[in-house]
Structures are given as C-alpha cells and as structure tokens.
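Q: Taking our numbering, the leading residue of the sequence shown gets 2, the next gets one more, and so forth. We put the CB at the ideal spot given by N, CA and C, even for glycine. Bear in mind the structure is a predicted one, so any value in this text is a computation, not a measurement.
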Amino acid sequence: MSLAVQQELEALKQKLRGPPAHYEGVREEEKVLCAEIGERSAIYTRRTQDLKDTVASFLEALTCAREDMNGKLKELAVEIDSLPKGGGHEAS
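(1) Roughly how many angstroms lie between the CA atoms of Lys16 and Glu40, to the nearest whole one?
(2) For Glu61 versus Leu34, is the C-beta spacing smaller than 9 Å?
(3) Just how far apart, CA to CA, sit Gly12 and Leu63?
(4) Ile38 and Val6 look like a contact to me (Cβ under 8 Å); what is the Cβ gap, rounded to whole Å?
(5) Quick one: Cα of Val27 to Cα of Asp51, how far?
The following block contains the structure:
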C-alpha cells in the first residue's frame, strides 16, 4: 500500500475518533478510499499477472532456443565425427 493511501487511512481513523457529527462524512470518504484501494489492487494484480505471463513466455522461448541449439550441436558433432581422421592437414 502506498504511503499516500496509508496516510489517508490514518487521517480517516483520526476523524472517526472525533465527534459523531463527522462519522457520516468519514464513512463516505472511507467507501471512496476502499473503492480506490480495490481498483488499484486490481490494477496491480493484472500487472503482476501480465509480468508473470511475460516472464513465462520469455523462459519458454529461451528453453526452445536452448533445445534447438543443443540439436544443432549434436548434428555438428555427428558431422565432425564423420570427417576423415587424418594425422595432418590436406594440402589445398
């Protein structure tokens, strides 16, 4: 929870400790503040889920790239193993 929201909640708590005449206004402010907190919470939840999805996608792409690279390395190893085994370099 942000500092500003915490300060607003604390201010509302102080008003609630005051005379009963302020209670109705405080209750309305509290409802508005709770709605704002709920809205912000939903936004943060959505952003967190989006970030989680992005990271999962990125990791999946990295895994696929690694598997592809491993496959290419195996193919290259097979090609290298199939090269003639000579002691020296051939003259060109």
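A: Concretely, from the data shown:
(1) In a straight line, the C-alpha of Lys16 is about 24 Å away from that of Glu40.
(2) no
(3) Before going further, note that residue 12 is Ala rather than Gly in the sequence given. Roughly 49 Å between the two C-alpha positions.
(4) 6 Å
(5) 36 Å
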